Amino acid sequence: MFYLNYNRYPYLLACIVSSILTVLVAIWGYAEILTITPKHNIKQWENLQEKSDIAFNQKNAESTRNRLQKAISLNRNNAEFYMSLAQLNVLQADLTALSKQEKISYQNQAIDNFKLAISKRPSWGLAWAKLAQAYANEPKQSSEFIQALERALYFEPYEKLSQQHIIPLAIAQWGTLPDSIKKRTKATIQHALRYQSNIIHLITNTTITYDWEDELAPLLTRKSHKNVLSKAMHKKKQNIDKAKFD
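Residue numbers (our numbering): 234 to 479.
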């Protein structure tokens, strides 16, 4: 007669669980490896001042998309995979050879993938900021834009990378923002100026572009920051005066 050894059940269960976890770790690790090159390329493509290893075109974009989708099929809970795919969609939407309908399609895909990234990591402020940027390109999505920007400011107002996205976006859309978000944006700017030595140039360039000088000036407490704004305003005035005589 065959007798079951119930004392071995915990051991067998532990072996099964350990085996499953080992397989999952291997699969997820492979998925991460698949995204190394796509993430590297996307970062370079986003930074127009940095020479990319490969040219950004539809063929290379599709190859990158395929690798990211393969990674997602192996691990559907990784927020960074969806974020990378959304960033690629944004780049694809800017390809000059596309029709208007194709551009809209890529913009919608970007929004969907940013949302998926957020669904996996709801408190990811950078993802909320990038979603807000995607909505900013869609005038009909004003309420969604406000909500996304508010979430970005709520979750990561003091994260350096998030600040670098939130601040220019908020300045560019200043006229559409409620007072509560304007107040929080100014607090974020003051924090960024205190702890990010070079962000004054990003803030100043955006300020000059969107005529935000009267809002920024009271926020500057350091002489060096005031000098940067003063020089930028002087250069802007020179360009305006020159244009009058051309």
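Beta carbons are placed, not taken as given, at the ideal position from N, Cα and C, and that holds for glycine.
It should be emphasised that the depicted structure is a prediction, and the values quoted were computed from it without experimental measurement.
Practice problem: Would you decide whether Val323 is buried or exposed? Buried here means 16 or more other CB atoms lie within 10 Å of its CB. | Solution: The count along the sequence shown starts at 1 and reaches residue 323 at position 90. Buried, because 16 or more other Cβ atoms sit within 10 Å of the Cβ of Val323.
Quiz item: Going by other Cβ atoms of all chains shown within 10 Å of its Cβ, with 16 needed for buried, is Lys272 buried or exposed?
Solution: For the purposes of this step, residue 272 is taken as residue 39 along the sequence shown, with counting starting at 1. Lys272 comes out buried.
Practice problem: Quick one: using the 10 Å Cβ neighbour count with 16 as the cut-off for buried, is Lys368 buried or exposed? | Solution: Position 135 of the sequence shown, counting from 1, holds the residue named residue 368. One point to set straight first is that residue 368 is Tyr, not Lys, in the sequence displayed. Buried: at least 16 other Cβ atoms inside 10 Å.
Practice problem: Using three-state DSSP, classify Arg417 as helix, strand or coil. | Solution: Taking the sequence shown and counting its residues from 1, the one referred to as residue 417 is at position 184. Of the three classes helix, strand and coil, the one that applies to Arg417 here is helix, per DSSP.
Quiz item: What residue from Asn293, Ala312, Arg455 has the CA that sits closest to Trp357's CA?
Solution: Within the sequence shown, numbered from 1, the residue matching residue 357 stands at position 124. Among Asn293, Ala312, Arg455, the Cα nearest to that of Trp357 is on Ala312.
Quiz item: Where does the unbroken alpha helix (DSSP H) through Asn341 begin, and where does it stop?
Solution: The residue labelled residue 341 in the question sits at position 108 within the sequence shown. Taken as a continuous stretch (DSSP letters only), the alpha helix (DSSP H) holding Asn341 covers 333 to 353.
Practice problem: Report the option in Ile400, Lys468, Trp445 whose CA atom is closest to the CA atom of Lys426. | Solution: Here residue 426 refers to the residue found at position 193 when the sequence shown is read from its first residue. The residue asked about is misnamed: residue 426 is Leu in this sequence, not Lys. Among Ile400, Lys468, Trp445, the Cα nearest to that of Leu426 belongs to Ile400.
Self-check item: Sequence-distant residues of its chain with Cβ nearer than 7 Å to Ala365 (five each side left out)
Solution: For this step, residue 365 is matched to residue 132 along the sequence shown. Hits under 7 Å: Phe378, Ala381, Leu382, Ala385, Leu402.
Quiz item: Below 9 Å between beta carbons: does that hold for Glu371 and Gln340?
Solution: The sequence position of residue 371 within the sequence shown is 138, counting from 1. The sequence position of residue 340 within the sequence shown is 107, counting from 1. In contact: Glu371 and Gln340 (Cβ atoms closer than 9 Å).
Exercise. Please state whether DSSP places Trp487 in a helix, a strand or coil.
Key: As shown, the chain starts at 234 and ends at 479. That puts residue 487 outside it, with no answer to give.
Quiz item: When we look at the beta-carbon of Thr437 and count the other beta-carbons within 10 Å, is it buried (16 or more) or exposed?
Solution: As a position in the sequence shown, residue 437 is number 204, starting the count at 1. Its Cβ being crowded by 16 or more others within 10 Å, Thr437 is buried.
Quiz item: Between Ile473, Thr440, Gln277, Thr270, which lies nearest to His458 when the distance is taken from Cα to Cα?
Solution: Counted from its first residue, the sequence shown places residue 458 at position 225. Among Ile473, Thr440, Gln277, Thr270, the Cα nearest to that of His458 is on Thr440.
Self-check item: Where Arg384 sits in the DSSP three-state scheme
Solution: Translated into positions along the sequence shown, residue 384 becomes position 151. DSSP places Arg384 within a helical segment (H, G or I) once states are collapsed to three.
Practice problem: Could you check the C-alpha separation between Ser332 and Leu453 for me, to the nearest Å? | Solution: Taking the first residue of the sequence shown as 1, we reach residue 332 at position 99. Taking the first residue of the sequence shown as 1, we reach residue 453 at position 220. So the alpha carbons of these two residues sit roughly 44 Å apart.
Quiz item: When the Cα atoms are used, what is the spatial distance from Met234 to Ser252?
Solution: As a first step, residue 234 must be located in the sequence shown, where it is residue number 1. As a first step, residue 252 must be located in the sequence shown, where it is residue number 19. The predicted position of Met234 is uncertain, since its pLDDT is 47 and thus under 50; a value taken from the coordinates is nonetheless stated next. Spanning the two alpha carbons is a distance of roughly 31 Å.
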